[in-house]
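Line order of the protein sequences matches chains R and L. For what it's worth, the numbering used here labels the leading residue of the first sequence as 1, then goes sequentially. For what it's worth, the numbering used here labels the leading residue of the second sequence as 136, then goes sequentially. The C-beta atom is built at its ideal place from N, Cα and C for all residues, glycine as well.
There are 2 protein chains.
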Amino acid sequence: MPGTSPDFAARLRAAGLRPTRQRVALARVLFEGGHRHVTAESLHGEVRATRIPVSLATVYNALNQFRDAGLLREVVVAPGKSYFDTNTGHHHHFFVETDGELHDFPSDKVTIAGLPAPPKGTRLSRVDVIVRVRR
Amino acid sequence: MPGTSPDFAARLRAAGLRPTRQRVALARVLFEGGHRHVTAESLHGEVRATRIPVSLATVYNALNQFRDAGLLREVVVAPGKSYFDTNTGHHHHFFVETDGELHDFPSDKVTIAGLPAPPKGTRLSRVDVIVRVRR
DNA sequence: TGCACCACTTAGAATTATTCTAAACTACTT
DNA sequence: AAGTAGTTTAGAATAATTCTAAGTGGTGCA
Ligand SMILES: [Mn+2]
Ligand SMILES: [Mn+2]
Ligand SMILES: [Zn+2]
Ligand SMILES: [Zn+2]
Numbered sequence: 001m002p003g004t005s006p007d008f009a010a011r012l013r014a015a016g017l018r019p020t021r022q023r024v025a026l027a028r029v030l031f032e033g034g035h036r037h038v039t040a041e042s043l044h045g046e047v048r049a050t051r052i053p054v055s056l057a058t059v060y061n062a063l064n065q066f067r068d069a070g071l072l073r074e075v076v077v078a079p080g081k082s083y084f085d086t087n088t089g090h091h092h093h094f095f096v097e098t099d100g101e102l103h104d105f106p107s108d109k110v111t112i113a114g115l116p117a118p119p120k121g122t123r124l125s126r127v128d129v130i131v132r133v134r135r
Numbered sequence: 136m137p138g139t140s141p142d143f144a145a146r147l148r149a150a151g152l153r154p155t156r157q158r159v160a161l162a163r164v165l166f167e168g169g170h171r172h173v174t175a176e177s178l179h180g181e182v183r184a185t186r187i188p189v190s191l192a193t194v195y196n197a198l199n200q201f202r203d204a205g206l207l208r209e210v211v212v213a214p215g216k217s218y219f220d221t222n223t224g225h226h227h228h229f230f231v232e233t234d235g236e237l238h239d240f241p242s243d244k245v246t247i248a249g250l251p252a253p254p255k256g257t258r259l260s261r262v263d264v265i266v267r268v269r270r
């Protein structure tokens, strides 16, 4: 049967992280549904609601580790506002400035042509497109 | 003779801002040369070096006012790192992640095609392209 | 199964970026 | 010159994030 509960502990081990109670709980909330955009604060709230004790410092630690391991990517949309994104594939974002919502859109229909060569001595890391909209 | 000292006071008045000692000094540093990318902190340091007393709070106030008046635009590149950009025309950025540098590149050679329609009930505000590179 | 070790978690303090408060000051109007 | 509203400022406050140092717990091995 497809969609059976994935083994989060194994996924964490594969990323070089011990599957602790806290990290497994965080991974479950992050990865068991569809793609998500969370903040440290919102994720902290969600995990605590599942009755797993976890501190905000641990949420920050885990988010940074998950990002470094390639399980998440970070999207900075405004000063002091960064989202962690469970969609690590190529895609871009709509940011609704008036209410802070972030929405994905696929990059396969989008063409970015004519980008100049990176400055001398640098290698391309990522291209971020944020389409800012307002209500 | 071209390039004679522009009237910063007049420019501020035109933007609906009183040309105070502090704002004129800030405007001079920002606008008298070519385009710049500054942080509140770096601008504060530069203006103080010209022997004009100014507090960091005033620098933040002025930067926000200049941005709201369309004299500057703000570019957020990383959590807690935002630049104010004296180039308000259409252009995009290289961000050198390894050393925090921000460089402009013109948008006229760049084509972004196939952007999906904005989410229901929203209007486009701006499209930001940040090309992240590393040394 | 029991330990030992070291990675991990945590409360709380610290740091950093930014904004706020309320009192003093100043550019502009009259 | 005086009045007034806009501006500046020191310092406190807030918000996001990181750090410290002490305790806890996975894991590999006896
Ligand atoms: Mn956050
Ligand atoms: Mn800054
Ligand atoms: Zn996304
Ligand atoms: Zn620029």
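- V129 of chain R belongs to the set of residues whose beta carbon lies under 8 angstroms from a beta carbon in chain L.
- Closest option to L30 of chain R, judged by alpha-carbon separation, among R:L56, R:P19, R:L63, R:S82: R:L63.
- Judged by DSSP in its simplified three-state form, A252 of chain L adopts coil rather than helix or strand.
- The three-state reading of DSSP puts A145 of chain L in helix, counting H, G and I together.
- No heavy atom of ligand 4 is found nearer than 7 angstroms to the CB of D128 of chain R.
- For D243 of chain L, the shortest C-beta to heavy atom distance toward ligand 4 is 7 angstroms or greater.
- By a beta-carbon distance limit of 8 angstroms, P116 of chain R contacts F240 of chain L. Their separation comes to about 5 angstroms.
- A check of alpha carbon separations from T174 of chain L across L:A184, L:Y195, L:F230, L:V262 identifies L:Y195 as the nearest.
- Closer than 9 angstroms at the C-beta level to chain R, one finds these residues of the stretch 213-226 of chain L: A213, P214, G215, K216, S217.
- Secondary structure of H44 of chain R (DSSP, three-state): helix.
- Of the other Cβ atoms in all chains shown, 16 or more fall within 10 Å of the Cβ of T122 of chain R; this residue is therefore buried.
- The three-state secondary structure of R51 of chain R, taken from DSSP, is coil.
- Interface with chain R (8 angstroms Cβ-Cβ cutoff): F240 of chain L is included.
- Exclusion of H37 of chain R from the 7 angstroms shell around ligand 4 follows from its C-beta lying no nearer than that to any non-hydrogen atom of the ligand.
- Comparing alpha-carbon positions, the option among L:E167, L:A162, L:V264 lying closest to S242 of chain L turns out to be L:V264.
- Under the Cβ criterion (8 angstroms, minimum of three pairs), the stretch 204-222 of chain L does not count as touching the stretch 180-195 of chain L.
- Between L56 of chain R and H44 of chain R, the beta carbon gap of about 5 angstroms places them in contact (Cβ cut-off 8 angstroms).
- Residue range 56-68 is occupied by the alpha helix (DSSP H) that includes V59 of chain R.
- Taking the Cβ atoms as the reference, E101 of chain R lies roughly 11 angstroms from R132 of chain R, outside the contact range of under 8 angstroms.
- Here H227 of chain L is buried. Its C-beta has 16 or more other C-beta atoms within 10 Å.
- Below the 8 angstroms Cβ cutoff, chain R contributes K109, V110, T111 as neighbours of G249 of chain L, in chain order.
- Proximity of L259 of chain L to chain R, defined by a Cβ-Cβ separation below 8 angstroms, is satisfied.
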